[in-house]
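Let me begin by presenting the structure, written as C-alpha cells, before commenting on it.
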Amino acid sequence: MRSFGRRKRASIDENFKEYVMQEIGKSGVEVLDEEGVESIAVDSIEGFADLMGKRVASLALRDKRTLRANQKMDYGFNRRLERRYRRAFQAYIVATSCAREAGESAAAIPADDLTDPQAATRTALMGLHAKSCRVAGEVYALLVNGFPEGALARCRTLHEMAVVAGALADSVGDSENEDLAIRFLEHEVVDLRSSARRYQEDHAILGMEPLEQEFIDQVEDRFNAVMAKYGREFKGDYGWAKKYCPDANLAGLEKKVQMGHMRGYYKWANNEVHAGSRSLLLNVSEFRGQRMLRAGKTNVGLTDPASMALNSLFVVTVMLLAEGIPESVNLTGLVTMKALNEMCAQASEMFLRVDREIMEDEENILRSMNLGN
C-alpha cells in the first residue's frame, strides 16, 4: 500500500516518541528511568491517537491520486458489467417502465362513486404499486453496479408488498373481509405509536428534542380509536389481517394467497438483511480455487434478484389492474398483463444466459490453468 504523500514523512513510531517527549516536557517532572517514560506514554496514547487520527484522515481525504485510481477501477468494472449484461439490463428497464406506465394509466381512470372498501382498496394498491416500482428501480441500481446481494435484500421488501397486494385483491368481493384494505390503512397508527413511544424514550440520548405532547396525545387518541373498533389483536404487526387470516403473519398470508412457494427465496433474502452467522457463510465465494470473502462488487449472481424483483412487481401490477378499480379490466388491460408477464420472463432468461456464459468462461480459464501446471 503506497503512502498518501510523495515526500518522506516521519513514521508513526517517530511521531509517537516526539509526542511523548513533549508530554514529558509539559509535565515539569524529570524522568530518568524507562518505567517513568512508559507511564507517561500510556497516559498520552489517547491524545496521540486522536491527533494522529485527524492528521491521517486529512491526508487521506486530500489524496487525489488514490481516489482517481479507485474510481478508475470502479469505472472499468462497471463498463465490463454493462457490456456483459447490456441486453438483460435493457430488458429489465423496459419491463419495469411498462409496469410503471400501467400504474399511471390505472391512476388516470375515473374512480367516482366507489364504496369505502373499494376506495380503500384502490388507495392501498396504488400505494403498494408506486412503492414497488421505486424499489424495483433500487434493485436495478444495485444490479448495474455489481451488488446482487444488496439487490436481494430489496427483493425481500418487494416480496412482502406482493403478498400484501395479493391479500388485498383477494378480499375484493368477499363480504366477510371487504374491509381488509380499510384495516390495512388504519393500521398505520399502530406503527406510528410504537415509533413515537420509542423516540420519546431515546431522544435525550440522541441529543434530539422530544415530540410535542399535543402530537403524542393525537396519536394516542387515534390508537385508542382503532383498538376500540377492532380489538386488542389489531395491535400485532399483522393485526389488520387477523380476521382475514387467523395465522396473521407473513408466512400465513403467503399460504393464503398461494405464494408459499416463494418462502425459501424470502428466507434466503433475509440473510442479506440480518446479521446472522448464516449470512456470513453466504458471503463466501470460491474464485479460481480460492475461498474469498466478498467485500466488493461481483459480476455473477444477478439472475435471482432480477427475477425475484420482476416477479414481485408483476404480481403487484396485476393486483392493481385487476382489482384496483371495480370492473375496469378490459382487453387493453389483459394484453398489458400478458405482455408484462412475457417481458419479465424474457428478461430473467437473459440474466440467466449471461450468468451461464460467465461460469463457462471461468471453467475454461481453470482448465487452461491446470494444463499450464
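Quick note on numbering: the sequence shown equals residues 3 to 375 in the numbering used here.
Think of the CB as a built atom: it goes at the ideal place given N, C-alpha and C, for glycine as much as any other residue.
Treat the numbers as computed from the prediction; the structure is a model and nothing was measured.
According to DSSP, residue i sits in a beta bridge with which residue or residues?
i, result
"E365", "Paired residue(s): none; E365 is not in a bridge."
Quick check on the DSSP output: the alpha helix (DSSP H) that includes residue i runs from which residue to which?
i, result
"F149", "No alpha helix (DSSP H) holds F149; DSSP gives it neither H nor E."
"M310", "305-325"
"W270", "265-272"
"I95", "66-110"
"I282", "Residue 282 is actually Leu in this sequence, not Ile. Residues 279-283."
"L187", "182-188"
Can you tell me where the beta strand (DSSP E) with residue i in it begins and where it stops?
i, result
"V286", "286-289"
"M294", "292-295"
Since residue i and residue j are thought to touch, with beta carbons under 8 Å apart, how far apart are those beta carbons, to the nearest angstrom?
i, j, result
"L187", "A126", "6 Å"
"A271", "L154", "5 Å"
"V356", "Y87", "5 Å"
"R195", "F225", "5 Å"
"P307", "C157", "5 Å"
"I184", "A122", "4 Å"
"V331", "A167", "That belief does not hold up - the Cβ atoms of V331 and A167 are roughly 16 Å apart, past 8 Å."
"Y267", "N251", "Not confirmed; about 17 Å, so no contact."
"C135", "T98", "7 Å"
"E151", "E256", "Between E256 and E151 the Cβ distance is about 23 Å, and since that is not below 8 Å, they are no contact."
"F353", "A90", "5 Å"
"P212", "Q220", "In fact, because the Cβ distance is near 15 Å, the residues do not count as touching under 8 Å."
"P328", "Q120", "6 Å"
"A104", "L342", "7 Å"
"S314", "M163", "7 Å"
When you compare the CB positions of residue i and residue j, do they come within less than 9 Å of one another, or not?
i, j, result
"M264", "H161", "yes"
"S279", "L312", "no"
"R124", "A110", "no"
"A108", "G254", "no"
"L182", "A198", "no"
"E364", "R293", "no"
"A171", "M321", "yes"
"M345", "A324", "no"
"Y232", "N179", "no"
"V146", "N80", "yes"
"S287", "T300", "yes"
"F236", "H189", "yes"
"V165", "V259", "yes"
"V192", "V228", "yes"
Please go through the segment 190-272 and give each complete alpha helix (DSSP H) segment of 4 or more residues, from N-terminal end onward. 190-208, 215-232, 252-258, 265-272
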